[in-house]
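**Student:** Before anything else, here's the structure in question.
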Amino acid sequence: MEPLLAITIGILFAAAIYMMLRRSIVKLVIGLMLLSNAANLLIFVTAGLVRGAPPLVPEGLTAPEGAVADPLPQALVLTAIVISFGVLSFAVVLVRRAWEIVRADDLDKMKDTDT
Amino acid sequence: MQLAVLGGFLVAGLAPLLHRWFGQRTPLVMALLPASMALWLLGLWPIIAAGDVLLLEWAWVPGLDITLTFLIDGLAWLFAMLITVIGAFVLVYTGDYLRGHQDLPRFLVVITAFMMSMLGLVLADNLVTLFVFWELTSITSYLLIGFDHTDLAARKAALQGLFVTVGGGLALLAGFIMLAMAGGSWSLAELSTRDDMLREHALYTPLLICVLIGAFTKSAQFPFHFWLPNAMAAPTPVSAYLHSATMVKAGIYLLARLNPALGGTDTWMITLSLVGVLTMATGAFLAIQHTNVKKLLAYSTVMALGTLTMLLGIGTEQALIAFVVFLLAHSLYKGALFMVAGILDHGTGTKDVTAMGGLRGVMPLTAAVAVVAALSLAGLPPLLGFLGKELMFKSVLEAGNFRALILLLAFTAAFLTLAVAAIVALRPFFGTLRETPEAPHEAPPGMLVGPAVLATLSLLFGLAPGLLDGLVSATVSGIGAGEVSTHLALWYGFNLPLLLSLISLLLGVLVFRRWDRVRGRLAVLQPIMTRGPEAGYDALMRGLVVVAEWQTRLLQNGHIRNYLIVTLLVLLGLVGHALFFRHTLELDFAPALYFHEAVVAGLMIAGAVAACVMRSRLAAVASLGIIGFSIALTFVLFSAPDLAITQLLVDTLTVILLVLVLFRLPRFATLSTPMERLRDLAVASLTGGLITLMMLSVSGERLPRISDYMVANSQPLGQGHNIVNVILVDFRALDTLGEMFVLALAAIGVHAMLRFHAVAYDARRHAPLPERDDG
Chain F
294 MEPLLAITIG ILFAAAIYMM LRRSIVKLVI GLMLLSNAAN LLIFVTAGLV
344 RGAPPLVPEG LTAPEGAVAD PLPQALVLTA IVISFGVLSF AVVLVRRAWE
394 IVRADDLDKM KDTDT
Chain E
17 MQLAVLGGFL VAGLAPLLHR WFGQRTPLVM ALLPASMALW LLGLWPIIAA
67 GDVLLLEWAW VPGLDITLTF LIDGLAWLFA MLITVIGAFV LVYTGDYLRG
117 HQDLPRFLVV ITAFMMSMLG LVLADNLVTL FVFWELTSIT SYLLIGFDHT
167 DLAARKAALQ GLFVTVGGGL ALLAGFIMLA MAGGSWSLAE LSTRDDMLRE
217 HALYTPLLIC VLIGAFTKSA QFPFHFWLPN AMAAPTPVSA YLHSATMVKA
267 GIYLLARLNP ALGGTDTWMI TLSLVGVLTM ATGAFLAIQH TNVKKLLAYS
317 TVMALGTLTM LLGIGTEQAL IAFVVFLLAH SLYKGALFMV AGILDHGTGT
367 KDVTAMGGLR GVMPLTAAVA VVAALSLAGL PPLLGFLGKE LMFKSVLEAG
417 NFRALILLLA FTAAFLTLAV AAIVALRPFF GTLRETPEAP HEAPPGMLVG
467 PAVLATLSLL FGLAPGLLDG LVSATVSGIG AGEVSTHLAL WYGFNLPLLL
517 SLISLLLGVL VFRRWDRVRG RLAVLQPIMT RGPEAGYDAL MRGLVVVAEW
567 QTRLLQNGHI RNYLIVTLLV LLGLVGHALF FRHTLELDFA PALYFHEAVV
617 AGLMIAGAVA ACVMRSRLAA VASLGIIGFS IALTFVLFSA PDLAITQLLV
667 DTLTVILLVL VLFRLPRFAT LSTPMERLRD LAVASLTGGL ITLMMLSVSG
717 ERLPRISDYM VANSQPLGQG HNIVNVILVD FRALDTLGEM FVLALAAIGV
767 HAMLRFHAVA YDARRHAPLP ERDDG
């Protein structure tokens, strides 16, 4: 599965960068979303994929039996998912405000400070 | 001694306070500092005369092998003596020269700091310490040259001096680092004993080039000579100090100091002797074209610095003896002459020698001092300068390489210098008395004592050169000629050097007699002169501004996608290089894969492509939703239930938010040309491909897991069965706290923008928009 996911993540990154290079500010935000998803997945996959062994300690034991998936990258990715949501909601509202004031979706029309 | 030097900086800082207590007498009080140091050095004389080397150890940064150890041998002693003695006289002189000047305290601060830096430079044993003091002299001399900061020319000259010397300082730093690498030590004393190792080292040539650039810029060697005459914009005490014994001699000092370690090779000898002799001829040739007394002296300083470099380049024992004698002679007469120039400027209000004449009657003492010092400059018996010049001619006749060329240029420089000496000493004082801007008057005693003592020393050492035997022997053996015992004499009998001196005397007098006509002829060369190295410096400065402007416009262009492309291309270059050339690419294709997993991955790919190509905003958002849910499925499949839950929740919220907000924004329009899209596609695909390759190559090697501790201790220490949760709220609780702050800040920002926008907007435009739903 790792090779397939590596290719998938590559495509996600490519799509994210392509969208971030667009002049439309909405597409930039979509690119940002794709980028954070791709990065989260990257961290998760690079840490190693394990099927059917979640990092849980069974009831009554002090440690899981046998190998489990690495919990640390999961904790990091969890934090990252939530933070990227915070950043995204801020960005989306910012874009809306910018549109209301500048009345332009084109980043090239937002180059000057006087609007 | 280290304490004295460091304390000297403190005294420099206290100058304004002292000025409040002592008023106009402050310079005299401050002159006690270098004077007492000179006395202390004098107390060391028996040790130095015995040929011993004094090492005053002082650890500074032991871990980096940086010490504040002072090394006092003959060379250091001679320089330190010149710095302190002339320094004391310069301070006394300043007391009268800048009497009542409002910026006197500032001047005293800087010149004392400069004095201490210079002292540290010549005494330091460690390369790093020497470099620190070296740069300090550059900075303080910048402040001194630009002392009259309301004068544009002074500011420009100060900046020029700073750029040239600090630029050379950069090269010097590189040279020092290579020197320490090649020699395996930062200590000058140790490096001197490792000369064979250094000369055969692969770094010898590059390090020599760097060190020489540093020394040549500091000591105003051709083609860097132009900053020195411009630095004459400084007040005269500064010129007298910086250009006789200190600043410009720092480069010479360094060359002499490194002569035992680096000298003796063909590269060293040819470079130094040719650069030196070219500087000599250039300095002397440019000198006679000027009528400003300070410029005349400045160019003759350039000539003297060239002579010293050339003598080090010739490098025989005879040449090193000549080097020491010439160095001492030059410091004495040049210090005196600059101070005389200051007296003339001060007393008559002009610096132009053609505007002065017949001042002998008005200022007899000054005239006497000027004549004695100028005789030494001209190299006439019985002054020390004569001895220096004789020894110089003798050494030139011994030169190993390019002897004829060196002799010709040195001879030319000698008779032109003689003319300069005559102009400086005879023009203002003899002939008929001329009208000057101010009524001329004799200088106050404070301004006379310095030049008088220096001129007397020139005469004394000239009449009894035996006094210098010990000093010259100690210094020469310190700079690499082994044990030497010298016997100087004024009269060596009739020989070739004496003949050369006589001919140069005749030619020099001839040039002096026809000086006005010579200057007129040479004015024809003006167009060529303006294309000298200084024009190169100016062009470089202009070019720097143009390039800075161009690259700022190029890089800071205000287009976010250009920044992104540049960043990504750099990333591609660096990571790609590391991946393909520094690291063997081992691709790990082991497709242990179930059908449903492939379907999930396929959904993600389809979603990513769809998000890019959809023309409808709603469809793009829906594609994002597909990707998000597929990622959640991946988390489920690969043992991350917590991530799956979070991803599902967040993704649902995201889609709702996007639909609500983006719905109010305009439809997508085609804003870019096909070419731009192609370019972006290329950059994006390359980056994506690189990330895929990187993942495939790292998945082969596993680092040891740092989370084993957390797995083992989650239940015993954290009392939790879900290890991810325990990590979040226990092991890495501070991270989670930080995350909460980020979310809270984002929420406040979102709220503020949604809540207050309408009011702010309406207040600014005075034209309310139709009411909108905040969503």
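Line by line, the protein sequences are chains F and E. Position 97 of the first sequence, counted from 1, bears residue number 390 in my numbering, the numbering being contiguous throughout. Position 131 of the second sequence, counted from 1, bears residue number 147 in my numbering, the numbering being contiguous throughout. Just so it is clear, CB atoms sit at the ideal spot from N, CA and C, and this is done for glycine as well. Only a predicted model underlies this, so the values are computations on that prediction, with no experimental measurement involved.
Per DSSP, what kind of secondary structure is W76(E) in: helix, strand or coil?
**Tutor:** strand
**Student:** Measure how close the beta-carbons of I495(E) and S289(E) come, nearest whole angstrom, since I'm counting them as under 8 Å.
**Tutor:** With a Cβ gap of about 16 Å, I495(E) and S289(E) do not count as contacting.
**Student:** What residues of chain E sit near L323(F), judged by a beta carbon separation below 7 Å?
**Tutor:** With the sequence shown as reference, residue 323(F) is identified as Ile, and Leu is not the correct amino acid for it. The answer, in chain order, is A627, A636 and L640.
**Student:** Give the residues of chain F in contact with Q663(E), contact being defined as C-beta atoms less than 7 Å apart.
**Tutor:** In chain order, I374 make up the part of chain F whose C-beta sits under 7 Å from the C-beta of Q663(E).
**Student:** Please confirm if the region 463 to 478 of chain E is in contact with the region 103 to 117 of chain E, defined as three or more CB-CB distances below 8 Å between the two stretches.
**Tutor:** yes
**Student:** Would you check if there are 3 or more beta carbon pairs closer than 8 Å linking the region 214 to 223 of chain E to the region 239 to 251 of chain E?
**Tutor:** no
**Student:** Between the beta-carbon of V182(E) and the beta-carbon of Q367(F), is there less than 8 Å?
**Tutor:** Taking 8 Å as the Cβ cut-off, V182(E) and Q367(F) do not qualify as a contacting pair.
**Student:** Give a yes or no on whether 8 Å exceeds the smallest Cβ distance from P784(E) to chain F.
**Tutor:** Confidence is the limiting factor: at P784(E) the pLDDT is only 46, short of 50, which leaves the residue's position unreliable, though a coordinate-based value still follows. False, the Cβ-Cβ gap to chain F never drops below 8 Å.
**Student:** Hey, out of L709(E), L228(E) and A352(E), whose CA is closest to T283(E)'s CA?
**Tutor:** L228(E)
**Student:** With a threshold of 8 Å between beta-carbons, can I743(E) be considered close to chain F, or not?
**Tutor:** yes
**Student:** Quick check on the DSSP output: what are the complete alpha helix (DSSP H) runs of length 4 or more inside the region 366 to 443 of chain E, in order along the chain?
**Tutor:** 380 to 394, 400 to 412 and 419 to 442
**Student:** Just curious, the beta strand (DSSP E) that I647(E) is in, first and last residue?
**Tutor:** Not the beta strand (DSSP E): I647(E) falls in the alpha helix (DSSP H), residues R633 to L653.
**Student:** If you measure from the beta carbon of G359(F) to each beta carbon in chain E, is any gap under 8 Å?
**Tutor:** no
**Student:** Which same chain residues end up closer than 6 Å to A779(E) when comparing Cβ atoms and leaving out the 5 residues on each side of it in sequence?
**Tutor:** Caution applies to A779(E), whose pLDDT of 49 falls short of 50 and renders its modelled position unreliable; the model cannot decide the point.
**Student:** Counting along the chain, where does the beta strand (DSSP E) carrying L87(E) start and finish?
**Tutor:** F86 to I88
**Student:** Assign F757(E) to one of two classes, buried (16 or more other C-beta atoms within 10 Å of its C-beta) or exposed (fewer than that).
**Tutor:** exposed
**Student:** Smallest Cα separation from V387(E): which of L750(E), V412(E) and L475(E)?
**Tutor:** L475(E)
**Student:** Along chain F, in chain order, which residues have C-beta atoms closer than 8 Å to that of I643(E)?
**Tutor:** Neighbours of I643(E) in chain F, taken as residues whose beta carbon is under 8 Å from its own, are L305, L327 and N330 in chain order.
**Student:** With the cut-off set at 8 Å, would you say F651(E) and Q663(E) are in Cβ contact?
**Tutor:** yes
**Student:** Under 7 Å Cβ-Cβ, which residues of chain E neighbour V370(F)?
**Tutor:** L659
**Student:** Using a threshold of 8 Å, state whether the C-beta atoms of A31(E) and M53(E) are closer than that.
**Tutor:** no
**Student:** Can you check DSSP and say which residues form a bridge with D399(F)?
**Tutor:** S317(F)
**Student:** With a cut-off of 8 Å on the beta carbons, I'd call A480(E) and L400(E) a contact; round off their distance for me.
**Tutor:** Actually they do not touch by this definition, with Cβ atoms about 10 Å apart.
**Student:** For a cutoff of 8 Å on Cβ pairs, would you count H737(E) as touching chain F?
**Tutor:** Chain F has a Cβ within less than 8 Å of the Cβ of H737(E).
**Student:** Could you run through the region 251 to 265 of chain E and flag, in chain order, every residue whose CB is less than 7 Å away from some CB of chain F?
**Tutor:** none
**Student:** Excluding the 5 residues flanking P43(E) on each side, which residues of the same chain have their C-beta closer than 7 Å to its C-beta?
**Tutor:** L107, V108, T110, G111 and L124
**Student:** Under 8 Å Cβ-Cβ, which residues of chain F neighbour P682(E)?
**Tutor:** At a C-beta separation below 8 Å, P682(E) has these neighbours in chain F: W392 and D398.
**Student:** Would a check of beta-carbon distances place V395(F) closer than 8 Å to chain E?
**Tutor:** no
**Student:** Verify whether the separation of the beta carbon atoms of L407(E) and V492(E) is less than 8 Å.
**Tutor:** no
**Student:** Please list, in chain order, the residues of the region 269 to 301 of chain E that have any C-beta partner in chain F closer than 8 Å.
**Tutor:** none
**Student:** Is the distance from the Cβ of I302(F) to the Cβ of L335(F) below 8 Å?
**Tutor:** yes
**Student:** To the nearest angstrom, how far is it from the Cα of V356(E) to the Cα of G548(E)?
**Tutor:** 30 Å
**Student:** By DSSP's criteria, L70(E) is part of a beta bridge. Which residues make up the other side?
**Tutor:** I88(E)
**Student:** When you compare only the Cα positions, how much space is there between I193(E) and Y553(E)?
**Tutor:** 27 Å
**Student:** Go to E151(E), then tell me how far its alpha helix (DSSP H) extends in each direction, as first and last residue.
**Tutor:** L143 to I161 is the span of the alpha helix (DSSP H), which, as asked, contains E151(E).
**Student:** For T83(E), list the residues DSSP reports as bridge partners.
**Tutor:** A75(E)
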